[in-house]
Amino acid sequence: MIAHTSGSLTFFTPETIEGAGAQLFDTGISAGFPSPAEDFKEQRLSLDDELVKNREATFYARVSGQSMIGAGLEDNDLLVIDRSLEPVNNKIAVCFLDGEFTVKRLRVSNGEVWLQPENPNYPIINITEDNNFLIWGIVTNVIKKV
Numbered sequence: 005m006i007a008h009t010s011g012s013l014t015f016f017t018p019e020t021i022e023g024a025g026a027q028l029f030d031t032g033i034s035a036g037f038p039s040p041a042e043d044f045k046e047q048r049l050s051l052d053d054e055l056v057k058n059r060e061a062t063f064y065a066r067v068s069g070q071s072m073i074g075a076g077l078e079d080n081d082l083l084v085i086d087r088s089l090e091p092v093n094n095k096i097a098v099c100f101l102d103g104e105f106t107v108k109r110l111r112v113s114n115g116e117v118w119l120q121p122e123n124p125n126y127p128i129i130n131i132t133e134d135n136n137f138l139i140w141g142i143v144t145n146v147i148k149k150v
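Numbering-wise, the numbering used here puts 134 at position 130 of the sequence shown, and it's gapless, one number per residue.
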């Protein structure tokens, strides 16, 4: 992956490696009572194939900060961002606002755009014509470490 740092987000460009993929045991892992693993089949799984719909328009970025913890986006999580998707109300978007990148939930109402954090300790941002504002891409997936 190629990394580019801009403001508080570090962006990564996905690199396709032919034949890459981790082993997938296609049995379903029980989160309830254990089940016998007698007939499972093994195959290869590429996370790019699972998480990326449009390779040319997809980027990764690492979260920095706590403003979106209520949406499950925590510090150091890796976001999968698709720049080809249409920004619509209630989607989580990576936006360029007044010289910096930020990730927030889009709120569109009565012709106004708001960027809503998912943490009550952060203010809701009303976008006005005075702002230098661009919706850069829509978050489609989050990759977490456990």
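By construction, the Cβ of each residue, glycine as well, lies at the ideal position given by its N, Cα and C atoms.
Computed from a predicted structure; not experimentally measured.
Three or more C-beta pairs closer than 8 Å, one from the segment 84 to 96 and one from the segment 53 to 64: is that the case here? The segment 84 to 96, when compared against the segment 53 to 64, does touch it at the 8 Å Cβ threshold.
Classify residue 26 as buried or exposed, calling it buried when 16 or more other Cβ atoms lie within 10 Å of its own Cβ. Legend: pLDDT at residue 26 = 47, less than 50; position of this residue unreliable, no value from coordinates given.
What residue ranges within the segment 96 to 137 form continuous beta strand (DSSP E) runs of no fewer than 3 residues, ordered along the chain? Counting only runs of at least 3 residues, the segment 96 to 137 fully encloses the following beta strand (DSSP E) elements, listed from N- to C-terminal order: 96 to 101, 104 to 113, 116 to 120, 129 to 131.
DSSP three-state label for residue 30, please. Residue placement at residue 30 is flagged as unreliable, the pLDDT there being 48, under the threshold of 50; a coordinate-derived value is accordingly withheld.
Nearest to residue 75 by CA position, among 103, 65, 95, 62, is which residue? By alpha-carbon distance to residue 75, the top candidate from 103, 65, 95, 62 is 95.
Integer Cβ distance of residue 67 from residue 81, believed to fall under 8 Å: About 5 Å separates the two Cβ atoms, so the contact holds.
In angstroms with no decimal places, state the Cα-to-Cα distance between residue 122 and residue 128. Rounded to the nearest angstrom, the two C-alpha atoms are 9 Å apart.
Buried/exposed call for residue 139, threshold 16 Cβ in 10 Å: Looking at its Cβ environment, which holds 16 or more other Cβ atoms inside 10 Å, residue 139 is buried.
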